[in-house]
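Below: the structure, in structure tokens.
Number of protein chains: 2
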Amino acid sequence: MSSVALATGGVTIRDLENSLHKAVTEVTSTMLNYQSVIVPCDESVLVPGVSAIVGFGGKVSGALTLHISPEGACTLASGLLGMEFREVDEIVADAMGEIVNMLAGGLKKYACQTEEIFKISIPSVIRGNDYCTHVPKDFERRMLGVQAGPCSFVLQLVIDVS
Amino acid sequence: MSSVALATGGVTIRDLENSLHKAVTEVTSTMLNYQSVIVPCDESVLVPGVSAIVGFGGKVSGALTLHISPEGACTLASGLLGMEFREVDEIVADAMGEIVNMLAGGLKKYACQTEEIFKISIPSVIRGNDYCTHVPKDFERRMLGVQAGPCSFVLQLVIDVS
Chain B
10 MSSVALATGG VTIRDLENSL HKAVTEVTST MLNYQSVIVP CDESVLVPGV SAIVGFGGKV
70 SGALTLHISP EGACTLASGL LGMEFREVDE IVADAMGEIV NMLAGGLKKY ACQTEEIFKI
130 SIPSVIRGND YCTHVPKDFE RRMLGVQAGP CSFVLQLVID VS
Chain L
10 MSSVALATGG VTIRDLENSL HKAVTEVTST MLNYQSVIVP CDESVLVPGV SAIVGFGGKV
70 SGALTLHISP EGACTLASGL LGMEFREVDE IVADAMGEIV NMLAGGLKKY ACQTEEIFKI
130 SIPSVIRGND YCTHVPKDFE RRMLGVQAGP CSFVLQLVID VS
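Heads up: the sequence lines are chains B and L, in that order.
The first sequence begins at 10 in the working numbering and counts up one residue at a time.
The second sequence begins at 10 in the working numbering and counts up one residue at a time.
In structure tokens, the structure reads:
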């Protein structure tokens, strides 16, 4: 077992990434009725818009962030709520918090099948035209690009392996 | 006992606010060697700059966010690290994550003396010139203005009482 796996009680970021894949497939199909395609990506694809974060803590501590453009957020909120949105208002921001919360809940469901290795926080949502998010260098991270029906977004999974 | 206290296993946001006061006093005095003054405030004082978020989950789920101006972040990072900073670079962003992490750790220490009611996540740090943070309406929140030595910052404590 690697030092990383030991530091997190035997759980690697690859395990969590696999669980996140399952969560994305489940949430997009059951809540949004979209088929999804997931591909690895890097930070160069990130642009400001809306970022919704759920933290988690326990044997494994980390955070899951959904990054999406304003247009994508409106489309995704429409898919979730069955209403039309033309700008990122409080309802759209709430909806992005709700979606990352469902994804984190799915991640937990698949990652904690034999033992509860973390608990999840409430979502925090950031929106704006000029901001970036920062992850300390010594944390492990994975970036996944998701195409779900007409929407694309990026998921960033970060865990502390110290 | 109120319905809010029942929903969170007997813990109210006032309990957590009292614990946060102790954590602020401890962290600013021991890590920064500053005396601190804490006053209630509201969201009108928030301006973009740096926002560092730690989530927590368990019997009580929530998030603690530190909001600070770019100048304040440089001064606070200088106080923590003993180096001069003129702009919010990655070291300053890391330092803001470290400070909110220490504050959340202090909050946990004081709030969980008889029982571990939550676990904390890793920090996420946002920086930029045009963004705002959003909290879903049905969460309870408190905003505290902190003057610590030459620095002022705002702490936002949010908990889910649903």
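From the three backbone atoms N, C-alpha and C, an ideal C-beta is built for every residue, glycine too.
So residue 130/B packs on residue 71/L, CB below 8 Å; how close in whole Å? 7 Å
Among 20/B, 39/B and 161/B, which has the Cα closest to the Cα of residue 49/B? 161/B
Does the beta carbon of residue 10/B sit closer than 9 Å to a beta carbon anywhere in chain L? The predicted position of residue 10/B is uncertain, since its pLDDT is 46 and thus under 50; no value can be drawn from it.
Tell me, to the nearest whole angstrom, how far the beta carbon of residue 77/L is from that of residue 135/B; I am working on the premise that it is less than 8 Å. With 8 Å as the limit, residue 77/L and residue 135/B do not qualify as a contact, their Cβ atoms being about 15 Å apart.
Those residues which DSSP pairs with residue 146/L across a bridge: DSSP lists no partner for residue 146/L.
Residues from the segment 133 to 144 of chain B in contact with chain L, defined by Cβ distance under 9 Å: 133, 134, 135, 136, 137, 138, 139, 140, 141, 142, 143 and 144
Less than 9 Å between CB atoms is the rule here; does residue 148/B satisfy it with respect to chain L? Interface residue, yes.
Hey, does residue 74/L have any beta-carbon neighbour from chain B nearer than 9 Å? Interface residue, yes.
Using only the alpha-carbon positions, how far apart do residue 103/L and residue 84/B sit? 34 Å
Which residues in the same chain as residue 158/B place their Cβ atom closer than 6 Å to its Cβ, once the five residues preceding and following it in sequence are excluded? 43
Count the other C-beta atoms from every protein chain shown that fall within 10 angstroms of the C-beta of residue 100/L, then say buried if there are 16 or more, exposed otherwise. exposed
Once DSSP output is grouped into helix, strand and coil, what is the label at residue 171/B? coil
What do you get for residue 125/B, buried or exposed, if any count of 16 or more other CB atoms within 10 angstroms of its CB means buried? exposed
Would you say residue 57/B lies against chain L (beta-carbon separation less than 9 Å)? yes
Boundaries (first-last residue) of the alpha helix (DSSP H) holding residue 115/B: That run of the alpha helix (DSSP H) goes 99 to 120.
Using C-beta distances below 6 Å, list every residue in its chain close to residue 132/B, excluding the 5 sequence neighbours before and after it, in chain order. So the list reads 61, 63, 106, 109 and 110, once near-sequence residues are dropped.
Let me see if you follow: with CB-CB separation under 9 Å, is residue 102/B close to chain L or not? yes
Which stretch, first to last residue, makes up the beta strand (DSSP E) that contains residue 75/B? 71 to 77
Helix, strand or coil, according to DSSP, for residue 166/L in the structure here? strand
Against residue 130/L, what residues of chain B qualify as contacts under a CB-to-CB distance less than 7 Å, listed in chain order? 64, 65, 66, 70, 71, 72 and 130
Evaluate residue 128/L with the Cβ neighbour count: other Cβ atoms within 10 Å of its Cβ, from every protein chain shown; 16 or more gives buried, anything less gives exposed. When all chains shown are included, residue 128/L counts as buried.
8 Å contact criterion, which residue 119/B and residue 140/L should meet: CB distance rounded: Incorrect: roughly 32 Å between the Cβ atoms, too far for contact.
So, at 6 Å on beta carbons, what are the nonlocal neighbours of residue 26/B in its own chain, with the 5 sequence-adjacent residues on each side left out? Correct list, in chain order: 151.
Helix, strand or coil, according to DSSP, for residue 160/L in the structure here? strand
Taking 9 Å as the CB-CB limit, is residue 167/B close to chain L? Interface residue, yes.
Counting only beta-carbon separations shorter than 9 Å, does residue 28/B have a partner in chain L? no
Can you tell me whether DSSP reads residue 24/L as helix, strand or coil? Here residue 24/L carries a helix assignment [DSSP, helix/strand/coil].
I need the straight-line Cα distance from residue 19/B to residue 92/B, nearest angstrom please. 43 Å
Excluding the 5 residues flanking residue 156/L on each side, which residues of the same chain have their C-beta closer than 7 Å to its C-beta? The residues are 45 and 46.
Beta-carbon neighbours of residue 106/B, restricted to chain L and to distances below 8 Å: 143 and 145
Does residue 137/B come out as helix, strand or coil in the three-state DSSP assignment? strand
Residue 48/L lies in the beta strand (DSSP E); which residues open and close that run? Start and end: 45 to 49.
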